[in-house]
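Structure record follows, encoded as structure tokens.
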Amino acid sequence: SLSSIAVIGAGIAGLSCARTLRAAGHTVTVFDKSRGPGGRLSSRRAPGAIVDLGAQYFTARDPLFQAELTHWLDRGLVRPWPTSLWRIDAQGWQPHRDTHPRYCAVPRMSALTRHLAEGLELVSEARIVDLERRPSGWYLQDDRQHRYGPFQRLAISAPAPQAEALVAAHDAVLAKACHRVEQLACWAGYALFDTPLPNLEGVERDWQAAFVNHGPLRFVARNDHKPGRGEQGESLTLLATAEWSQTWLEQPAERVADALYAALRELLPASVQPAAPRLLAAHRWRYAQPLSGAAGPGFRLGQDGLALCGDGWLGPRVEDAWCSGHRLAQRWLAMPQRDHAASRS
Ligand code: FAD
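In this text, residue positions in the sequence shown follow my numbering: the first is 2, and each later residue adds one.
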């Protein structure tokens, strides 16, 4: 029989889980603490520019994810990007050539998750702070004292450290599993300019992104060089390394932004320094990416129809998060209803 299912988190994992379940006829309600869907596929509207603050691009290795990607490409939702990728190390700039196709959503990263959320029942600005299990099912309570339920099944796609707080009182085994997932921080700086960056000798004029192998930065992306961004001025996203981010975790965002911008300047020869940015800021991701891939099915089943999905249960990428949510849904669909309460993975 069909059941009523709650999904906490409208990132790409929660959305892929919810869509797969809804396609099979279940009634699904998705909850997110933010104003809209997206999670770490996040884009910020700044004056005159849209800046991606989380994932800058994604790859596709899993065949199911590749099939989904084909639909997105056909619909113009995503396009290959970056196609001019560089690597900066102590020796300078070199073209970064490998065989991984990379993709980016159009006209901003969060457009992909917005598309995936279409037609789903999404309760936004609802931070779930408490769960209750009754014979009739799961009840959720948000930080504004709203109660939702009952749900026969509950998927939590929040990053493992946040999921741990929710499941602690209900499932010690799941809580312990959450505790073992190490989720690394990332400071994401962004800088907007009135004029384009000066050209660099030996580097394509329209270079789009660069891996950085020394100093605080690990990746620089030119948002205005992503597909479908329209007329926007030069805008850079500056991602810091996990180690640097951890050290600077509790520093004020303005100081962090200044430091990341100083690091960018060091990557550019003195003769081609950019004009001062018209806006410089930074966003902190406390749980940006899991340290490593995880063994197992890519999700966790708990007691009484409770389950966990998200990148922490599979690997540190957009594609892992999508697969995690999708696989959990498939597992639930393959399970006889009466077994839900008893099973674990
Ligand atoms: P999330 O997107 O975090 O979704 C979880 C959702 O749960 C969030 O929307 C959150 O608001 C919500 N939530 C949490 N707690 C609650 C609660 N109590 N109540 C209600 N809602 C709640 N991946 C790549 O493939 N390539 C990259 O280049 C890349 N770069 C990255 C750069 C950065 C700076 C970051 C942060 C990530 C990057 N990633 C990259 C990783 C990728 O973004 C993530 O793996 C993926 O987006 C995770 O999706 P998710 O659905 O598992 O989690």
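Beta carbons are placed, not taken as given, at the ideal position from N, Cα and C, and that holds for glycine.
Given the structure is predicted, the values throughout are model-derived calculations rather than measurements.
Return yes when the Cβ of Leu334 is within less than 8 Å of the Cβ of Ala14, no when it is not. no
Using only the alpha-carbon positions, how far apart do Val52 and Arg109 sit? 8 Å
For Leu381 versus Leu113, is the C-beta spacing smaller than 8 Å? Here the chain covers residues 2 to 346 and nothing more, so residue 381 does not appear.
Report yes or no: do the stretch 237-250 and the stretch 153-163 share at least 3 C-beta pairs separated by less than 8 Å? no
I'd like the ranges of any alpha helix (DSSP H) spanning at least 4 consecutive residues and lying wholly in the stretch 25-101. 64-75
Could you say which of Pro151, Arg135, Glu126 and Arg134 lies nearest to Asp144 if we only look at CA atoms? Glu126
By Cβ distance, which residues of its chain are closer than 6 Å to Gly190, with the 5 residues on each side in sequence left out? Leu239, Ala258, Leu261 and Ala283
What is the DSSP secondary structure of Leu16, counted as helix, strand or coil? helix
My output table needs one value for Arg181: the three-state DSSP class, helix, strand or coil. helix
Between Arg256 and Glu202, what straight-line distance do the alpha-carbon atoms span, to the nearest angstrom? 30 Å
Is Ser236 helix, strand or coil by DSSP? strand
Could you tell me the alpha carbon to alpha carbon distance between Ala308 and Gln209, rounded to whole angstroms? 39 Å
Closest by CA to Arg128, which one among His116, Glu122 and His147? His147
For Leu309, which of helix, strand or coil comes out of DSSP? strand
With respect to 7 Å, is the separation between the Cβ of Ile9 and the closest non-hydrogen atom of the ligand FAD below this value? yes
Between Asn200 and the rest of its own chain, which residues show a CB-CB distance below 6 Å, the 5 nearest in sequence each way excluded? Arg206
Looking only at its own chain, which residues have a Cβ that is under 7 Å from the Cβ of Val213, when we skip the five neighbours before and after it? Ile89, Arg219, Phe220, Val221 and Leu268
Does the distance from the C-beta atom of Val273 to that of Trp87 stay below 8 Å? no
Residue range of the alpha helix (DSSP H) that includes His327: Val319 to Ala335
Measuring only the C-alpha atoms, how far is Glu183 from Gln290? 8 Å
Would you give the residue range spanned by the alpha helix (DSSP H) that Trp245 belongs to? Ala243 to Thr248
Looking at Pro48: is its Cβ nearer than 8 Å to the Cβ of Ala11? no
By Cβ distance below 7 Å, which residues in the same chain neighbour Gly107 in space, the five residues on each side in sequence not counted? The sequence given here places Val at residue 107; Gly does not occur at that position. These residues qualify, in order along the chain: Gly77, Leu78, Val79, Arg80, Pro228 and Gly229.
Give the C-beta separation of Gln153 and Ser5 to the nearest angstrom, bearing in mind that I take them to be a contact with Cβ-Cβ under 8 Å. 6 Å
Where Val168 falls: helix, strand or coil (DSSP): helix
Who are the near neighbours of Gln95 in its chain, counting only those whose CB is closer than 6 Å to its CB and skipping five residues on each side? Arg88
Beta-carbon proximity check, Arg279 vs Pro298, cutoff 8 Å: no
Is the separation between the beta-carbon of Leu54 and that of Ala192 shorter than 8 Å? no
Compute every distance between the C-beta of Ser272 and the non-hydrogen atoms of the ligand FAD, then say whether any falls below 7 Å. no
Do you know how far the Cα of Arg223 is from the Cα of His97? 16 Å
Could you check what DSSP says for Glu291 in three-state terms: helix, strand or coil? Glu is not the amino acid found at residue 291; the sequence shown has Pro there. Correct three-state label for Pro291: strand.
Which residue wins for smallest C-alpha separation from Glu232, given the options Ala243, Asp195 and Pro253? Asp195
CB of Thr242 to nearest heavy atom of the ligand FAD: below 7 Å? no
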